[in-house]
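Have a look at the structure below, then the notes.
Numbering (mature numbering (1 follows the signal peptide of the UniProt record, and there is no 0)), first residue to last: -27 to -1, 1 to 711.
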């Protein structure tokens, strides 16, 4: 083999391989699928598929080479009639790049695949065409010149090269093949036009460019930014690819290619570069982007791979939002968590408290076999990839026996207050709260609100006891808790008695007994005399406290101990009082009386009867006449007498007024009587010291015995004074004869 320098020129177009994994979905649901067909280039074409008519109507997607077609242009348009289910993909003219498999898919409003059509293949035939025209180059003498010719043809074309009218072939300084022409050690005679000719059974097509002899090219390089291979961007975002020329030389032209196809839009030329702006990125924008710089006979390129990231979508299959647990067992299957996106998302499950849980086959949540109320709550399936995160929730509802979460508390309260006993329970199902009392006792004046709280109003001792809160929801066991209510009854003085009696003689020891009704609260008793507190240290009194009573004993009292005595019963929350009047006195003693008196008819006289005694004695007058009859002088004013406070006045006496007069003084402590004889002239009457008591008529109005209990509600000091004894005194004596 001859020694020398050999060049292998090869321009390869690398097309992306897109692998789409589809679920096993029946194609029987489509009534018609895209047909496999072969058409000529630049011919119009319509591909059709018919979907069924479920409700609601699905959306129809077209897939070309396994990639969703969703960008209409001036050559291709996708149309869909939801009323008929007919979807069409219309081509105004077909080009070689339309070659490939076509398929329809029906998806629901959530984007989930329902069914898909069969796949039809489109084949395009016709005259050869070129991916780009042949580019003119400038080369210096002795350098290398390279022409690139990219031919697309079906059936395959035969490629030939000509320089002017001269056919070229391999040999010497020329190397050629179906995609490139390389001329080594360029000479002046190489200058001129070169033609790339492509021919198949449908015809011939040519493209040409000029080779110009120029100055040697300075070296240069290409710099693409941003960096990263692959360069990753999220779908829907924007990116600008900058291609900058560096080094000593300059490029004649800069071009951007996407997967071998030149990009002619969204370009911005800069002082030393070319920027490609891509907005609202889609999966169609994914692939290799090459910046090619041509300077004379030199061509250099840099390529960057753009990878479109798709944030996760996540859904549950079957599509449920809640699963039910009854008697610790699931009522249905746990749905699978299905995530889609690029890169393929990873799936994780989080529990109600954010704890990471196990993930089963097909992304299912791993739960235990014996589920309880503690397992209830909201679970999240989290799908994550480098483009983002998405979540969906699944609620686990556990139906179980009620659980009382807020039990009632033992309560001590005052008599007459309002009380609320709180009780709360949780299900599900939501429990019903009811209340009862031990031994079936009534709940009294009460109400139950929606939250389960029992309200008791104006409680008394009868409301004291054990209260039961019962929560029920149809599952056993029911919730049952209790609390004790203690009502501190207001103390009450049930009786206040004086022994031996409320009226007694001086020197007679007496005891006042204060009987008390009370609740469990401790009580104390204070004694008051005429509203003044009796100190416990007062030696004149003895105070004794019992379990349900208190006593006050007064030894050898005199009349100064006559007073209103008050028993005051006090607890922490309330008090009660009662009063009794005690009189310390003496039996009646007649202080002044009249002697026997003689009168003439028509005269008058006073019969005195001044009495000392406490309580004030009651005075009654009796008369026994000469015939032996005894009568009580009841009326205050009689025909011939007037009864005064301390005397009996006789007026206009007649012989009928002759007789024995008795003054009888009486109080609760005794009786005293005194007699005097009145003789009216003309009457024969023997003196009589007194009338026999047995012969006197009964007193028509008995003496009262004073004893009372009252219950004032105000504090005692300074309250009430013992009224003074009524003074004795004689009424003015009227003139005799009146």
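Each residue gets a CB set at the ideal place from its N, CA and C atoms; glycine is no exception. Only a predicted model underlies this, so the values are computations on that prediction, with no experimental measurement involved.
If we count the other Cβ atoms within 10 Å of its Cβ and call it buried at 16 or more, is residue 440 buried or exposed? buried
Return the residue from the list 56, 87, 93 that minimises the CA-CA distance to residue 72. 93
Under DSSP, the beta strand (DSSP E) around residue 154 begins and ends at which residues? 153 to 156
What runs of the beta strand (DSSP E), each 3 residues or longer, lie entirely inside the segment 284 to 340? 295 to 299, 309 to 315, 319 to 323
According to DSSP, what are the bridge partners of residue 517? 524
Using the three-state DSSP reduction, which class does residue 146 fall into: helix, strand or coil? coil
What's the gap between the Cα of residue 325 and the Cα of residue 319? 20 Å
What is the rounded straight-line gap between the Cα of residue 277 and the Cα of residue 322? 37 Å
Going by DSSP, which residues form a beta bridge with residue 173? 176
Does the distance from the CB of residue 432 to the CB of residue 390 come in under 9 Å? yes
Mind the definition here: the segment 80 to 92 touches the segment 202 to 211 only if three or more C-beta pairs lie below 8 Å; say whether that holds. no
Suppose you measure from the CA of residue 128 to the CA of residue 152; what does that come to, to the nearest Å? 16 Å
Under 8 Å, with one C-beta from each stretch per pair, do the segment 479 to 490 and the segment 528 to 538 reach the 3-pair mark? yes
For residue 421, which residues from the same chain have a beta carbon less than 6 Å from its beta carbon, with the 5 sequence-adjacent residues on both sides left out? 427
From residue 114 to residue 163, what does the alpha carbon distance come to, in whole angstroms? 10 Å
Here's the rule I'm using: 16 or more other beta-carbon atoms within 10 Å means buried, otherwise exposed. How should residue 412 be labelled? exposed
Could you give the distance in angstroms between the alpha-carbon of residue 446 and the alpha-carbon of residue 370? 15 Å
Nearest to residue 569 by alpha carbon, out of 647, 513, 14? 647
Tell me which residue opens and which closes the beta strand (DSSP E) that residue 593 is part of. 591 to 598
Pick from 573, 607, 585, 593 that is closest to residue 629, judged by C-alpha positions: 573
Endpoints, beta strand (DSSP E) assigned at residue 550: 548 to 566
Nearest-angstrom beta carbon gap, residue 559 and residue 586 [assumed within contact, 8 Å]: 6 Å
Distance, Cα to Cα, residue 177 vs residue 168? 12 Å
Are the Cβ atoms of residue 479 and residue 557 separated by less than 9 Å? yes
Of the choices 336, 306, 19, 354, whose alpha-carbon is the least far from that of residue 327? 354
Might you give, ordered along the chain, the residues of its own chain that have their beta carbon closer than 8 Å to the beta carbon of residue 347, omitting 5 neighbours on each side? none
Please confirm whether residue 622 and residue 615 have their CB atoms less than 9 Å apart. yes
Would you identify the three-state DSSP class for residue 139, choosing helix, strand or coil? strand
Those residues which DSSP pairs with residue 208 across a bridge: DSSP lists no partner for residue 208.
Taking its Cβ as the centre, do 16 or more other Cβ atoms sit within 10 Å of residue 171, making it buried, or is it exposed? buried
Does the segment 514 to 521 come within contact of the segment 452 to 464, defined as at least 3 CB pairs closer than 8 Å? no
Which ranges would you report for the beta strand (DSSP E) in the segment 584 to 652 if only whole runs of at least 3 residues count? 591 to 598, 603 to 605, 614 to 616, 620 to 623, 632 to 640
Buried versus exposed, by CB contacts within 10 Å (16 or more), residue 253: exposed
Per DSSP, residue 78 forms a beta bridge with which residues? 34, 89
Thinking just about the alpha-carbon of each residue, which of 313, 64, 562, 438 is nearest to the one in residue 289? 313
Pull up the CB-CB distance for residue 542 and residue 549, whole angstroms please, since I reckon it's below 8 Å. 5 Å
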